[in-house]
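In my numbering, the protein residues as written are 215 to 329.
Structure, rendered in structure tokens:
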């Protein structure tokens, strides 16, 4: 059973940066594509970035050019570097496999961007 623990969120002003981390337990992590998802109040959860086991990345249009996903398979960790943050990036951020979410959801990490 893979467990996911997200961290690194916080309160930041518009234009600022944050680096999120997702630590995964279990042996299947390195073989799966992983993604970062977010859910804003009153909205559905959406995937914002994903990375294959080999490092190929893909981004939602809303974050392209501002967010960078990366992974360290040796550490079972996925990262999301978020730059030029906007108030509309405010959400709880989660990681999971992508595009199909095979793992249970972690607690997420709150990102709040003030204007």
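All residues carry an ideal CB built from backbone N, CA and C; glycine is no exception.
Predicted, not measured: the structure shown is a model, and the values here were computed from it.
Residue i versus residue j - alpha carbon distance
i, j, result
"residue 302", "residue 229", "12 Å"
"residue 316", "residue 238", "13 Å"
"residue 263", "residue 225", "21 Å"
"residue 274", "residue 261", "7 Å"
DSSP-derived helix/strand/coil call for residue i
i, result
"residue 266", "coil"
"residue 272", "strand"
"residue 315", "coil"
"residue 310", "strand"
"residue 304", "coil"
"residue 284", "strand"
"residue 329", "coil"
"residue 291", "strand"
Contacting residues, own chain, Cβ-Cβ under 7 Å from residue i (five flanking each side not counted)
i, result
"residue 282", "295"
Residues of its chain near residue i, where Cβ-Cβ distance is below 6 Å and the 5 sequence neighbours each way are ignored
i, result
"residue 217", "239"
"residue 290", "238, 243"
"residue 292", "236, 248, 285, 309"
"residue 329", "228, 301"
"residue 253", "259, 305, 306"
Cβ neighbours of residue i in the same chain (closer than 8 Å, five flanking residues each side left out)
i, result
"residue 245", "267"
Reference residue i; option with closest CA among the options
i, options, result
"residue 327", "231, 221, 279", "231"
"residue 276", "270, 299, 233, 323", "299"
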